[in-house]
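Taken in sequence, the protein lines are chains A and B. With my numbering, letter number 98 in the first sequence gets 192, and the count goes up by one each step, no holes. With my numbering, letter number 121 in the second sequence gets 384, and the count goes up by one each step, no holes. Input: a single structure, listed below in structure tokens.
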Amino acid sequence: MSAILWQLLQIILVVAISPLITGWVRLVKSRLNGRIGASPFQPYRDIYRLLQKEAVVAHSASWVFRVAPYVTFGAVWLAASIVPAFTTHLFLAQAADLIALVALLGVARFWTALAGMDVGTSFGGLGASREMMISSLAEPAMLMVTFSLSLISGTTAPAQIIAFVLSGGVGIEVSLGLALAALVMVAIAENGRIPIDNPATHLELTMVHEAMVLEYSGRHLALMEGAGMVRLTLFMALIGGLFAPWGMAQSEGGALALAVGLAAFLAKCFVLATALGVFETSIAKMRVFRYADFLGGALLLGLLATIFLYVSEAV
Amino acid sequence: MGAQISYDIAHLIGATVLMAGFQLLYQRRLFAVLNTFAFQALALAAAAAWQAHIQHAPHLYVTAGIALVFKAIIVPIALHWLVEQLGIHKNVETAMSIGWTMMAGVALVTLSILLVLPVTANAAALTRESLALAMSVVLLGLLMMITRHNAVTQVVGFMALENGLILAAVSAKGMPLVVEISVAFSVLVAMTLFGIFFFRIRERFDTLDLADLETHRGDR
């Protein structure tokens, strides 16, 4: 019973705090750039304002364009609700593993790219093609990370991986460090953060995600923006959960453990969001031709993580 | 548990040295290459200090100190100064694309692991892994010397290779201190010689790109 309750709490929580996390990243970046910056709650106001507005749809758009925001947001939301954020005792935890997570994110990306191409403007097609290039490199890297984690813990379900790490059965593994580095690189690419894509730009040379959602307005745009914010929270929950699961409530934990888990989750998110802001400020955007090197690096790190696993197995 | 932790940390620092080796292959700017090399030497010093701690071998602290002072501070600063003096092109020219180089690097790491683990079947687990890591670093240094046109980056590749040798030396028990000191000083001497050679090469050929030297080979 409590598993269903906590699952509902998790489903609401990830949507409720993700604009705040995005707003916090923006605030950190503004401060580091020497600007005062908007309040971290500004994304809530933006989304509210977008929801009030009429959704304008181009004449050339088909049903794909109108359905895509709902599918994208739904897929990302579902993915976020199966990643244990503050407790491993979730109703859906048994149903979904990391491979399903990759697939759900793939569905979201596929529909975004379809929507980008559907209207027939040049920017949408450009963004979609770049997004597909990035995802064709990021997805194998993500799967490689999944494989090395599942080789360590013997399962691909995030809840069981977390339980395994928390049980203390795993020491300081080189493989885990490499997998973490690879996952961070994938997260940067998947969320369209700075070395790969600039989330705050409308310049045709650099934009990837923005180019695909350029034609959206009103509630459609709100859903697309919301999906991006939830995806960022998802990756923070994933990184914080898999590699630093301390404080997370286990199945037998009561209300106190839950409160500790929530506080730990929020603390992890703000630490990661601040780190992301600092990282984005200190680095320049890459050229499109260098994405392959960056994400190929992530793939190689994942591969090395698996190779080192066999070394420590053999020793 | 204590042995496990010390083993894990040694493994982690060794892997950091190896990662810095990959980072060297990935960099496209000359100064970034030099900074990465300094970082690798720093990690090497940490590895030597940690080995001194867990092997109870105080002379390895001297090795760590030498790595820290010479390789992490003096050599990078000297190379920085040289690059400034020579006024050379600050982009790294590669023979292969970076992606292919990295892939070759992973293949070399796999090769060295496959090679070292069966050969050292009787040694302690710590030594085996460190040797596998060290051999990977050596091979990556060699790869860097092969795939770079510029003489300065080739020298950095040589120094990285030498970092791998030191890593192997500190993880094998019973390496006499005098050998390590002499290696460290010979590297410093080599560094000086390289500096002189850089000026000579540039004076004669107006470039440090070794690909341009190939045409001179026949008619000299």
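Beta carbons: idealized from backbone N, C-alpha and C, even for Gly.
Starting from the beta carbon of residue 274/B, find every residue of chain A whose beta carbon is closer than 7 Å, and list them in chain order. Within the second sequence, numbered from 1, the residue matching residue 274/B stands at position 11. Correct list: 268.
What three-state label does DSSP hand residue 349/A in the structure shown? For the purposes of this step, residue 349/A is taken as residue 255 along the first sequence, with counting starting at 1. In the three-state scheme derived from DSSP, where H, G and I count as helix and E and B as strand, residue 349/A is classed as helix.
Taking Cβ positions only, does residue 391/A come closer than 8 Å to chain B? Position 297 of the first sequence holds residue 391/A. So yes, residue 391/A belongs to the interface.
For residue 336/A and residue 353/B, I'd like the C-alpha separation in whole angstroms. In the first sequence, counting from the first residue as 1, residue 336/A sits at position 242. In the second sequence, counting from the first residue as 1, residue 353/B sits at position 90. Going from the Cα of residue 336/A to the Cα of residue 353/B covers about 40 Å.
Count the CB pairs spanning the segment 276-292 of chain A and the segment 225-235 of chain A that are closer than 8 Å, and state whether there are at least three. Result yes; three or more Cβ-Cβ pairs closer than 8 Å.
So, is residue 469/B buried or exposed, given that buried needs 16 or more other C-beta atoms within 10 angstroms? For this step, residue 469/B is matched to residue 206 along the second sequence. It is exposed - the Cβ of residue 469/B has fewer than 16 other Cβ atoms within 10 Å.
Using the Cβ count rule (16 or more neighbours within 10 Å means buried), how would you classify residue 344/B? Taking the second sequence and counting its residues from 1, one reaches residue 344/B at position 81. By the 10 Å Cβ count, residue 344/B comes out exposed.
Any beta carbon of chain A sitting closer than 8 Å to that of residue 392/B? Counting from one through the second sequence, the residue named residue 392/B turns up at place 129. So yes, residue 392/B belongs to the interface.
With a CB to CB cut of under 8 Å and the five nearest residues on each side skipped, what residues in its chain are close to residue 366/A? The sequence position of residue 366/A within the first sequence is 272, counting from 1. The answer, listed in chain order, is 330, 333, 334.
What's the gap between the Cα of residue 264/B and the Cα of residue 269/A? Counting from one through the second sequence, the residue named residue 264/B turns up at place 1. Counting from one through the first sequence, the residue named residue 269/A turns up at place 175. Low local confidence applies: a pLDDT of 48 at residue 264/B is under 50, so the model's placement there is unreliable, and no value is given.
C-alpha distance - residue 162/A paired with residue 208/A, whole-angstrom precision: Numbered from 1 along the first sequence, position 68 holds the residue referred to as residue 162/A. Numbered from 1 along the first sequence, position 114 holds the residue referred to as residue 208/A. Each residue's alpha carbon lies about 8 Å from the other.
Strictly by DSSP, which residues pair up with residue 413/B? Walking along the second sequence from the start, residue 413/B turns up at place 150. For residue 413/B, the beta-bridge partners assigned by DSSP are 472/B.
Taking the alpha helix (DSSP H) that residue 157/A belongs to, which residues open and close that run? What you label residue 157/A is simply residue 63 of the first sequence in a count that begins at 1. Counting along the chain, the alpha helix (DSSP H) containing residue 157/A begins and ends at 157-176.
Outcome for residue 456/B when other beta-carbon atoms lying within 10 angstroms are tallied against a minimum of 16: As a working mapping, residue 456/B is identified with position 193 in the second sequence. So residue 456/B ends up on the exposed side.
Tell me whether the beta-carbon of residue 311/B lies closer than 8 Å to the beta-carbon of residue 454/B. On the second sequence, position 48 is the one that residue 311/B refers to. On the second sequence, position 191 is the one that residue 454/B refers to. With respect to the 8 Å criterion, residue 311/B and residue 454/B are not classified as neighbours on the basis of their beta carbons.
To which residues of the same chain is residue 330/B closer than 7 Å at the C-beta, ignoring the five residues directly before and after it? As a working mapping, residue 330/B is identified with position 67 in the second sequence. Within the same chain, residue 330/B has close Cβ partners 304, 307, 308, 311, 429.
Which residues, in chain order, does the segment 342-373 of chain B contribute to contact with chain A at a C-beta distance below 9 Å? Look at the segment 342-373 of chain B: the residues with a C-beta under 9 Å from a C-beta of chain A are 360, 361, 362, 365, 366, 368, 369, 372, 373.
Element boundaries [alpha helix (DSSP H), containing residue 142/A]: Against the first sequence, residue 142/A aligns to sequence position 48. It spans 136-146 - the alpha helix (DSSP H) in which residue 142/A sits, taken as one unbroken run.
Helix or strand or just coil, what does DSSP make of residue 285/A? In the first sequence, residue 285/A corresponds to position 191, counting from 1. If DSSP states are grouped into helix, strand and coil, residue 285/A belongs with coil.
DSSP beta-bridge partners of residue 215/A: What you label residue 215/A is simply residue 121 of the first sequence in a count that begins at 1. DSSP lists no partner for residue 215/A.
Count the other CB atoms, across all protein chains shown, that sit within 10 Å of the CB of residue 171/A; report buried if there are 16 or more and exposed otherwise. In the first sequence, counting from the first residue as 1, residue 171/A sits at position 77. So residue 171/A ends up on the buried side.
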